[in-house]
Structures are given as structure tokens and as C-alpha cells.
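Below is one structure, written out as C-alpha cells; the observations come after it.
Numbering (my numbering), first residue to last: 413 to 468.
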């Protein structure tokens, strides 16, 4: 039994969770963007964080 089953361990695991409240309109916008861009809602939020970080 040398090999273990499952996914390989990540160098930067995503082990933190965030729960937020948003308006119905914000949620609908997020879902629409995710579908339009073929991305997950998480990916949209993470990309938004990177955009804000890159602002002067």
C-alpha cells in the first residue's frame, strides 16, 4: 500500500470560507457574470479581489 488515493495535495490549499450577504440584484449579477464568462462565482469574486489589489 505505497500510493494513497485521492487528489494530490496543493501547495496553497483553499481552506478558508467566507459567507456574505448581498442584495438580490448583486447575486443575480454575479450569477449572470459567472454564466456569461463560463466561470464559477468563486472565480469571479477572486478575480475581483485581484483587480482591487492592483489598483493604485
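Don't be surprised by glycine CBs; every beta carbon is placed ideally from N, CA and C.
All figures in this text were calculated on a predicted structure; none of them were measured in a lab.
Close-in-space but distant-in-sequence residues of the same chain around residue 468 (CB under 6 Å, 5 per side omitted): For this step, residue 468 is matched to residue 56 along the chain shown. Closer than 6 Å at Cβ, skipping near neighbours: no residue.
Nearest-angstrom Cα separation, counted from residue 424 out to residue 437: Taking the chain shown and counting its residues from 1, the one referred to as residue 437 is at position 25. Taking the chain shown and counting its residues from 1, the one referred to as residue 424 is at position 12. Answer to the nearest angstrom: the Cα atoms are 33 Å apart.
In chain order, each alpha helix (DSSP H) run of at least 4 residues that lies wholly inside the region 419–452: 436–449
Where residue 416 sits in the DSSP three-state scheme: Indexing the chain shown from 1 puts residue 416 at position 4. Reduced to three states, the DSSP call for residue 416 is coil.
Through-space distance from residue 453 to residue 461, alpha-carbon basis: Translated into positions along the chain shown, residue 461 becomes position 49. Translated into positions along the chain shown, residue 453 becomes position 41. Rounded to the nearest angstrom, the two C-alpha atoms are 13 Å apart.
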